[in-house]
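What follows is one structure encoded as structure tokens, with my remarks underneath.
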Amino acid sequence: MIEIKDLEKTYAGGSRALDHIDLELHPGEIVGLFGPNGAGKTTLMKCIFGYLRYNGKITLDGDPVTRKNIARLSFGTCEHSFFPGITADDHALFYRDHFETFDERRFRVLMDFFGLPTDRKIRHMSAGQQNQFEVIMALCQGADYIFLDEPFAGNDIFNREDFYKVLLGMLGPGEMLMLSTHLIEEVSGLISRAVLLDKGKIIGDRQISELEEEGTSLVGCIKAAYSYRPDRVYEALDQLSPEGQ
Amino acid sequence: MISFKEFRPDGNTPIYLQIVDYVRRGIAFGGIPDGDELPSRRALSVLLGINPNTVQRAFGMLEEEGLISSSHGVTSTVTAPPRRVEELREEFLASDVKAAAAMLKRSGLSLEQAAALLAAYWEEAEK
Amino acid sequence: MKRKIIMSPPGINGGSTAALIAASAVVFILLLSAGAGDTIEGIREGWEDVVPLDSILAGKFAGTWIHAALCAALAVRNYRSFRTEGQSIYVMKRVKSSSEIHVMSLAIPLIGAVIGFAAAIGLMYAYRGSYISASAFGQLTEYNTFSIWRALL
Numbered sequence: 441m442i443e444i445k446d447l448e449k450t451y452a453g454g455s456r457a458l459d460h461i462d463l464e465l466h467p468g469e470i471v472g473l474f475g476p477n478g479a480g481k482t483t484l485m486k487c488i489f490g491y492l493r494y495n496g497k498i499t500l501d502g503d504p505v506t507r508k509n510i511a512r513l514s515f516g517t518c519e520h521s522f523f524p525g526i527t528a529d530d531h532a533l534f535y536r537d538h539f540e541t542f543d544e545r546r547f548r549v550l551m552d553f554f555g556l557p558t559d560r561k562i563r564h565m566s567a568g569q570q571n572q573f574e575v576i577m578a579l580c581q582g583a584d585y586i587f588l589d590e591p592f593a594g595n596d597i598f599n600r601e602d603f604y605k606v607l608l609g610m611l612g613p614g615e616m617l618m619l620s621t622h623l624i625e626e627v628s629g630l631i632s633r634a635v636l637l638d639k640g641k642i643i644g645d646r647q648i649s650e651l652e653e654e655g656t657s658l659v660g661c662i663k664a665a666y667s668y669r670p671d672r673v674y675e676a677l678d679q680l681s682p683e684g685q
Numbered sequence: 010m011i012s013f014k015e016f017r018p019d020g021n022t023p024i025y026l027q028i029v030d031y032v033r034r035g036i037a038f039g040g041i042p043d044g045d046e047l048p049s050r051r052a053l054s055v056l057l058g059i060n061p062n063t064v065q066r067a068f069g070m071l072e073e074e075g076l077i078s079s080s081h082g083v084t085s086t087v088t089a090p091p092r093r094v095e096e097l098r099e100e101f102l103a104s105d106v107k108a109a110a111a112m113l114k115r116s117g118l119s120l121e122q123a124a125a126l127l128a129a130y131w132e133e134a135e136k
Numbered sequence: 002m003k004r005k006i007i008m009s010p011p012g013i014n015g016g017s018t019a020a021l022i023a024a025s026a027v028v029f030i031l032l033l034s035a036g037a038g039d040t041i042e043g044i045r046e047g048w049e050d051v052v053p054l055d056s057i058l059a060g061k062f063a064g065t066w067i068h069a070a071l072c073a074a075l076a077v078r079n080y081r082s083f084r085t086e087g088q089s090i091y092v093m094k095r096v097k098s099s100s101e102i103h104v105m106s107l108a109i110p111l112i113g114a115v116i117g118f119a120a121a122i123g124l125m126y127a128y129r130g131s132y133i134s135a136s137a138f139g140q141l142t143e144y145n146t147f148s149i150w151r152a153l154l
């Protein structure tokens, strides 16, 4: 279990990216992390890895996250965390040498399934292919806790739906997946839990099964949480139109 | 093996209820025979792109209704003797017809007008 | 499972590393050989006018420092490569050994710099040797002191 207690991250200018976050992540969960841009989704993930300095406590099965256990976490970023100058096969060699849990068979299956070339330098792949490759490496590292940050930007809907199904087929009961995305409706069937972030605070943390009991859709829950006002567009247009002046 | 090819989720009701409904209708209206096997929870989860917990809920509910039974903990089979099928059919018929009656009433039709409309479209209607 | 020791950041163009090293070696050699002619002249004159060896050699080893600066630049480029055109630094931070990134970034530059300085020192001792044997005055101990080390600067 990953336990996050009282996590706080303030940048030098004084802006608070994360404001006293408490969160637990358990094996077997598929967690959707939602929130507008700047809500702190990426910052939260980076703090868990220790890529950013923070105040508060983050533990993995009771221990702090250090080089000794960090290989149990993997991260598919939207910042291209691969080596652009080498091929996918070379990446497999690198991961095999550096991560004992690297799953080469899963790697071959996924590369093949998505039709990605294994002998081309990553920088020569298209943007969509690079995104897919990024996600594949995060899934094959052999981590127990997988974090994907906006993983499907740049991929068409067919690829995305295939990805969701592959994830469902592949993830074992001991694995946790957290993915941050704007595609709420698409992932609503896939996830088991929704965590909503706004201006650095968690404003909602619901089990999908609870929402189903209540009869609320995920989109409905999110709109309510962010106080979405459907008539604000109407009001703005009203002000702009000649009659409104 | 029950095919879920025709399963089309809508965004309104919870997915687990839609799965339960799909199986109940299939049993009631003949698509799914007694003793037929369901896909495993994992297979259905992958097929539909739905979290396995949701599939589990649907299966749990079907088991509670006595419509399926899980043997060996992995696969489930349909348990729907003819009497049960008949019950289900009547349930669906009742609720579908009730809904239609309410809709027709809301449109302001009288019973005779509604019956005439029904007769008019009876021939065209697909089975 | 055999671990390969990777000597440079993955995918960093081996060609540009080699080019950098070749270019600095060329500069190094050119400066030294330009100095060699003067030095031999100086040693002969030193033979007649007692010119101390360190003043003959002064400045002749500038090439070594240029080479060292190029090696340092290579190290900087290697470190930066994990944060440009992609953030492979995130992967490197998950790898068990925290020294991995340093080995990758510093191996070739350090080896280059060591070779550069070793070559300079070797050459310097060679000149010292010729000076001693070529000049009668070179036999005198005041002229073949450790002060020749100043020539490196």
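So the protein lines, in turn, are chains L, G and A. Under this note's numbering, the first residue of the first sequence is numbered 441, with each subsequent residue one higher. Under this note's numbering, the first residue of the second sequence is numbered 10, with each subsequent residue one higher. Under this note's numbering, the first residue of the third sequence is numbered 2, with each subsequent residue one higher. All C-beta atoms, glycine included, are put in the ideal place defined by N, C-alpha and C.
The way I'd put it, the segment 508 to 517 of chain L does touch the segment 483 to 491 of chain L; three or more beta-carbon pairs between them come closer than 8 angstroms.
L:ALA665 and L:ARG536 have their alpha carbons spaced roughly 44 angstroms apart. Here DSSP, grouped into helix, strand and coil, assigns L:GLN569 to helix.
Under the three-state reduction of DSSP, L:ASP459 is assigned to strand.
Judged by beta-carbon spacing, L:LEU636 lies within the 7 angstroms limit of L:PHE474, meaning their Cβ atoms are closer than that value. For the options A:ARG129, A:SER82 and A:ALA24, the alpha carbon positioned closest to that of A:GLY12 is the one of A:SER82.
In the DSSP assignment, L:PHE515 falls within the unbroken beta strand (DSSP E) covering 513 to 516. Taking C-beta atoms under 8 angstroms as the contact rule, L:ILE586 and L:LYS561 fail to qualify, at a distance of about 25 angstroms.
Secondary structure within the segment 57 to 96 of chain A: the alpha helix (DSSP H) runs of 4 or more consecutive residues, fully enclosed, are 63 to 81 and 90 to 93 (chain order). A straight line joining the alpha-carbon of L:ARG493 with that of A:HIS103 spans about 21 angstroms.
The residues ILE102 and SER106, in chain order, have a CB closer than 8 angstroms to that of A:TYR80 in the same chain once the five nearest residues on each side in sequence are set aside.
Between L:PRO613 and L:GLY472, the gap from beta carbon to beta carbon reaches 7 angstroms or more. Residue pairing from DSSP places L:GLU443 in a beta bridge opposite L:GLU464 and L:THR499. The alpha-carbon of L:TYR604 is positioned some 11 angstroms away from that of L:LEU611. At a Cβ-Cβ threshold of 7 angstroms, G:GLN65 and G:ARG50 count as neighbours.
About 11 angstroms separates the Cβ atoms of L:ILE576 and L:LEU607, ruling out a contact at the 8 angstroms cut-off. The beta carbons of L:GLU625 and L:VAL659 sit closer together than 7 angstroms. Proximity of chain L to G:ARG66 at the Cβ level (cut-off 8 angstroms) is accounted for by SER649 and GLU652, in chain order. With a threshold of 16 other beta carbon atoms within 10 Å, L:SER521 meets it and is buried. When CB distances to chain L are screened at a threshold of 8 angstroms, the residues of the segment 65 to 97 of chain A falling below it are GLU86, GLY87, GLN88, SER89, ILE90, TYR91, VAL92, LYS94, ARG95, VAL96 and LYS97, in chain order.
Of all residues in the segment 493 to 510 of chain L, the ones placed with a Cβ closer than 9 angstroms to any Cβ belonging to chain A are ARG507, LYS508 and ILE510, in chain order. Rounded to the nearest angstrom, the gap between the Cα atoms of L:THR517 and L:LEU588 is 6 angstroms. With respect to chain A, the C-beta atom of L:GLY525 has a partner C-beta closer than 7 angstroms. For L:ASP602, no beta strand (DSSP E) encloses it; the enclosing alpha helix (DSSP H) starts and ends at 597 to 610. Rounded to the nearest angstrom, the gap between the Cα atoms of L:LYS449 and L:ASN495 is 6 angstroms. Contact annotation for G:THR63 against chain L: GLY629, SER632, ILE648, SER649 and GLU652 [CB-CB distance below 9 angstroms, chain order]. According to the DSSP assignment, L:SER649 belongs to the alpha helix (DSSP H) that extends over 648 to 654. Assignment of L:LEU636 by DSSP, reduced to helix, strand and coil, places it in the strand class. Interface annotation, G:GLY75: not in contact with chain L, CB-CB separation never under 7 angstroms.
With a 10 Å radius around the Cβ and a threshold of 16 neighbouring Cβ atoms, G:PHE38 comes out exposed. Looking at the DSSP output, G:LEU97 shares a beta bridge with no other residue. Cβ proximity to chain L below 8 angstroms picks out SER98, SER99 and GLU101 from the segment 98 to 123 of chain A.
The beta carbon of G:GLU73 lies closer than 6 angstroms to none in the same chain, with the five residues before and after it left out. Three or more beta-carbon pairs separated by less than 8 angstroms link the segment 64 to 74 of chain A to the segment 116 to 130 of chain A, which places the two stretches in contact.
For the C-beta of G:VAL55, the chain L residues within less than 7 angstroms are, from N- to C-terminus, LYS605, LEU608 and GLY609.
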